[in-house]
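FYI, the numbering for the sequence shown is 41 to 339, going by this note's numbering.
All C-beta atoms in this analysis are idealised placements derived from N, C-alpha and C, irrespective of residue type, glycine included.
For reference, the structure is listed below as structure tokens.
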Amino acid sequence: MEFDFSAILLGLTVVFGVVWGLDRLFLYKKRKARLDAAGAEYRDPVPVDWARSLFPVVLVVLLLRSFVAEPFRIPSGSMMPTLDVGDFILVNKFAYGLRMPAFNNKFVSLGEPKRGDVVVFRFPGYLCDDGSGKLVRSGDQSCADPHAPVPNQNWIKRVIGLPGDRIESHGDQLLINGQPVQADEAGPYQGNPKRDESRVMLDYGATVWTEHLGKVNHLIARMPAYTTPNAIPNDKVPSVVPQGCYIVMGDNRYNSTDSRWWGCMPEQNLAGKAFLIWLSWRGTDAGWFDLSRMGTVIH
41 MEFDFSAILL GLTVVFGVVW GLDRLFLYKK RKARLDAAGA EYRDPVPVDW
91 ARSLFPVVLV VLLLRSFVAE PFRIPSGSMM PTLDVGDFIL VNKFAYGLRM
141 PAFNNKFVSL GEPKRGDVVV FRFPGYLCDD GSGKLVRSGD QSCADPHAPV
191 PNQNWIKRVI GLPGDRIESH GDQLLINGQP VQADEAGPYQ GNPKRDESRV
241 MLDYGATVWT EHLGKVNHLI ARMPAYTTPN AIPNDKVPSV VPQGCYIVMG
291 DNRYNSTDSR WWGCMPEQNL AGKAFLIWLS WRGTDAGWFD LSRMGTVIH
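Structure follows, in structure tokens:
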């Protein structure tokens, strides 16, 4: 079960604010006057006291998470070697505009994603044929149930294609608007063999490459012996990226479920731009924390 923490925070803020506000407007003066007349010490009722104490706290947390920065945890290895499983990152929530908490509707535009940005977004669902030839979004990767509800999940990938771009992929070669994207081999992947995701990459002889994506130079991993991703374009990915949509991919190119599998990422699904690793948890078998990654700026 997926919990929408923003919706929970918004709900708590509303409940605490309403309880406290209604009490102050309609009940507080009468209750205080009655206790003063009786010579008794004034105390708020327990529910009102809780609401008064917690309302400013949850409001500040809601505002910070919604409009400044929000923490996320990396759950999979699809962005390795840039991001490891167990990395805790901060996401800039105002990089592309301000959005309503929980509803994600943009009400102030401050910019657009750039090629090479690492973005967090709400997973739009897999593209499936509904039986009539129409493509619909589904939560079922196999498309056995094209109307399966899309899970409320936040994913993280790198922006490859912008609206209007023509994206192609031929084996290891990525092309944008007909121009090959340069990638230089940096050497074999070096990771901690005590970590499951790193061990898989080591076992399959993964190599690390520096990809030059516009003004952004970043690392990607290749594991040709592990799996071969779908080519782009295919029947679910348009040859030209439509307006209001982006093609996103994981840096672990041979082990990432991304736009090559489920199409473009709608702009309205954006949550923000990842910019910092503030904590890296390696697990009890791998030394608890990776201090070398903490404080790393995400490129």
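As assigned by DSSP and simplified to three states, the class of Glu208: strand
Secondary structure of Asn217, DSSP reduced to three states: Asn217: coil per DSSP, three-state reduction.
Contiguous beta strand (DSSP E) assignments of at least 3 residues, all confined to the stretch 291–324: 310–323
Identified DSSP bridge partners for Asn257: His252
Three-state secondary structure assigned by DSSP to Thr53: Thr53: helix per DSSP, three-state reduction.
Neighbourhood of Lys197 by C-beta, 8 Å cutoff - its chain only, sequence neighbours within 5 removed: Ser118, Met119, Val158, Val159, Phe161, Val288, Met289, Gly290, Ser296, Asp298, Ser299, Met305
Contact under 8 Å by Cβ, Gly126 with Arg293: At least 8 Å separates the beta-carbon of Gly126 from that of Arg293.
Best match in Ser106, Asp44, Leu94 for proximity to Lys313 [C-alpha to C-alpha]: Out of Ser106, Asp44, Leu94, the CA that lies nearest to the CA of Lys313 is found in Ser106.
Pairwise C-alpha distance: Lys72 and Arg191: Looking at the sequence provided, one finds Pro at residue 191 rather than Arg. So the two alpha carbons sit approximately 49 Å from each other.
Beta-carbon proximity list for His339, same chain, < 7 Å, skipping 5 on both sides: Val256, His258
Reduced DSSP secondary structure (H/G/I, E/B, other) of Asp330: coil
Whole-angstrom C-beta distance between Tyr136 and Glu110, which should lie under 8 Å: Between Tyr136 and Glu110 the Cβ distance is about 13 Å, and since that is not below 8 Å, they are no contact.
Cβ neighbours of Ala223 in the same chain (closer than 6 Å, five flanking residues each side left out): Trp249, Glu251
Helix, strand or coil at Leu175 [DSSP, three-state]: Reduced to three states, the DSSP call for Leu175 is strand.
Residue range of the beta strand (DSSP E) that includes Val81: One point to set straight first is that residue 81 is Glu, not Val, in the sequence displayed. Careful: Glu81 lies outside any beta strand (DSSP E) and carries neither H nor E.
Exposure label - Phe56; buried when at least 16 CB within 10 Å: Under the 10 Å beta carbon count, Phe56 is surrounded by 16 or more other beta carbons and is classified as buried.
Neighbourhood of Gly254 by C-beta, 6 Å cutoff - its chain only, sequence neighbours within 5 removed: The residues are Arg155, Gly156.
Residue of Asp170, Val131, Phe45 minimising C-alpha distance to Ala311: Val131
Per-residue burial, Ile317 [other beta carbons within 10 Å of its own, 16 or more giving buried]: Counting the other CB atoms within 10 Å of its CB gives Ile317 a total of 16 or more, which places it among the buried residues.
In DSSP terms, what Ala223 is bridged to: Glu251
Range covered by the alpha helix (DSSP H) that runs through Pro87: It spans 86–107 - the alpha helix (DSSP H) in which Pro87 sits, taken as one unbroken run.
Buried or exposed (CB count within 10 angstroms, at least 16 for buried), Met75: Residue 75 is actually Leu in this sequence, not Met. Exposed, since its Cβ has fewer than 16 Cβ neighbours within 10 Å.
Where Gly137 falls: helix, strand or coil (DSSP): strand
From Pro264, Arg262, Met263, Gly303, residue whose alpha carbon lies closest to that of Leu281: Note on residue identity: the sequence assigns Val, not Leu, to residue 281. Residue Gly303 holds the alpha-carbon nearest to the alpha-carbon of Val281 among Pro264, Arg262, Met263, Gly303.
Nearest-angstrom Cα separation, counted from Val148 out to Asp44: 22 Å
Collapsed DSSP secondary structure at Ile48 in the structure displayed: helix
Close Cβ partners of Leu60 (< 7 Å) along its chain, the five nearest in sequence each way excluded: A small fix is needed here, since residue 60 is Trp in this sequence, not Leu. For Trp60, where only same-chain residues beyond five positions count, the Cβ hits under 7 Å are Val88, Ala91, Arg92, Phe95.
Residues sharing a beta bridge with Val159, DSSP: Lys197, Lys313
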